[in-house]
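Convert by adding 49 to the 1-based position in the sequence shown; the result is the number in this note's numbering. One structure below.
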Amino acid sequence: MADPEIALTGDILTITKLVKRFGDFTAVDGIDLSVRPGEILALLGPSGCGKTTTLRMVSGLERPTGGEIVFQDQVFASVASRQYLPPEKRNIGMVFQSYALWPHMTVFQNVGYPLKLRRENSATIRDKVENVLALMELSNLVDRTIPELSGGQQQRVALARALVYEPSLMLFDEPFSNLDAQLRSQMRHELKALRRKIKMTGIFVTHDQVEALSLADRVAIMRHGRIEQLGTPHEVYSRPATRFVRDFLSRVVNLHGVVTEIGADGDVTVRLDGEANKPLTVSDYSAATVKPGDRAQISIRPEHIEILPEHEANGAANMISGKIEDILFVGDRFETRIRIGGETVVIDLPSDGTWQDGQTLSLRFGQEATTLWPEGP
C-alpha cells in the first residue's frame, strides 16, 4: 500500500485525452491521468489493454494520435499544437522488461553509460556510479559482466542505470516479469525499501495484481484502452467500480438471488437461489440500484468468509451451509470447491484443519465486505 511517509501534493505529470491508434485499432482511447510528486502510479491490466502503449507515449517512444502529455509545465507531446519532445530531452529513467543491459560491459560500464552519453567527465561518472551502486548494494559486483549475474542482480543493475543520472520521472515496464516468484517478491521489497531512501516519482506498468497493489500509491486499472477505475490499492480492491475490476484483481465468490428487502439504513437483503434458500444482508450496494424483486449478484473476497462448525449455521445472520465437492492439498492451504445451493465456489481452507470430500461447512459472509451487483454477465 502507499507509503505514509511520502507527501503527495499537486500534479507533476498530466495526461489529457490521450489516444493512440495503429491503423484501425485503437490501443489507447482518450484516457486522462495525473501523477503527483513522489507518487508511484501503477497501470494494471491484461495484455492488450493499452498500459504499455501509454507508458511508451510518456517516454517518447511512441507519438500520440490525439491528446496531450505535460510534465512540470513542459509539453512532452500535444497533437493539437503539434508539439513533441524527443525521448532524450525528457529526463526520464526507464527500466525495461528485458533489462536491456550490454553483456560485453561490466556493471560499472553499464551503469555509467548514460552519463557517458551526456558527456560527463570521468571523475563525475565514477562518483555517481559508485553512489548508485552503493544505494543498490551492488558495489561488490562492479567489475563483473552481465552474464555473470543472477536475474535479480541484473534487475538491480538496470534500476541503477536508470537512477544514475537522477531522472525526474521513472518508468517501469513490467520489470519483474522475467523473474521467478521468489525473486519477484524480493524485488518488490527492495523497490519499496529504495523509495524510503530516495524520492521517486514514477509509472509502473504490470499485469501482476500483487505488484500493483503492494508497490503503488494509486492504481489505474485498464481495459480495452480505457481506465476502468483509478484509486488507492485499498479502494480498487475493496470497492471495485465494475465487474471487470472486481474479478481481475483477485479471486471472488459470486452468488445469485432475489432482493427481498431494503432496510431504512440502506442494507439490502438477498435470498439466495437453489437449495441454499437463505437470506444474506449486504451493507454496500454502491454499484447497484435495486428494488425488492430484482435479481442480484452477491460478491465477496474469500478471505472475508469465516468457516465455522456445521451446527453454527442454524439461525445465525449471514450464515449459510456449503458442502465440499473437491479438495486439493497445496502445502500452505487446501484449494476447495464448495457447493452452496445451486452454485459451486472456490475457497481456500487452512492447512491445519481436517477436511474431506462431502463434508458440510458453515460459512459466515462478512456484511461490510460483501458487495451487491445487478444480475448480468
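C-beta atoms are modelled at their ideal positions from N, C-alpha and C, and glycine is treated no differently.
- DSSP places S199 in the coil class of the three-state scheme, outside both helix and strand.
- The straight-line gap separating the alpha-carbon atoms of R320 and V128 is approximately 54 Å.
- Unbroken alpha helix (DSSP H) runs of no fewer than 4 residues, entirely contained in the region 109 to 158, are not found.
- Counting other Cβ atoms within 10 Å of its Cβ, S400 stays below 16 and is therefore classed as exposed.
- Annotation: P282 is outside any beta strand (DSSP E); the continuous alpha helix (DSSP H) that includes it extends over P282 to S287.
- Per DSSP, the unbroken alpha helix (DSSP H) holding I174 starts and ends at S171 to L184.
- Taking a cut-off of 8 Å on C-beta distances, the region 219 to 232 touches the region 256 to 263, as three or more cross pairs fall below it.
- The DSSP-derived three-state label of E352 is helix.
- Per DSSP, the unbroken beta strand (DSSP E) holding R320 starts and ends at V317 to L321.
- DSSP places V191 outside any beta strand (DSSP E), giving it a letter other than H or E.
- According to the DSSP assignment, V339 belongs to no beta strand (DSSP E), since it is labelled neither H nor E.
- When secondary structure is reduced to three states using DSSP, V379 falls in the coil class, being assigned neither helix nor strand.
- Cα atoms of E417 and A345: separation of roughly 17 Å, rounded to the nearest angstrom.
- Fewer than three Cβ pairs drawn from the region 301 to 318 and the region 265 to 283 lie within less than 8 Å of each other, which leaves the two stretches out of contact.
- Cβ neighbours of G425 within its own chain (closer than 7 Å, five residues either side excluded): none.
- Annotation for S234: the continuous alpha helix (DSSP H) segment containing it runs A230 to K246.
- By DSSP's assignment, D397 forms a beta bridge with E384.
- Residues Q132 of the same chain have their beta carbon placed closer than 6 Å to that of V124, with the five preceding and five following residues left out of the count.
- One Cα belongs to M154, the other to I195, and the distance between them is close to 7 Å.
- Around the C-beta of A242, fewer than 16 other C-beta atoms lie within 10 Å, and the residue is accordingly described as exposed.
- Around P358, the same chain offers S411 as residues with beta carbons nearer than 8 Å, after the five sequence neighbours per side are excluded.
- In the three-state reduction of the DSSP assignment, T291 falls in the coil class, being assigned neither a helical nor a strand state.
- In this structure, DSSP gives D81 an extended state, which the three-state scheme calls strand.
- Here G201 has L228, L232, Q235 and M236 as same chain residues with Cβ atoms under 7 Å from its own Cβ, once five neighbours each way along the sequence are excluded.
- F74 sits exposed, since fewer than 16 C-beta atoms from the chains shown fall within 10 Å of its C-beta.
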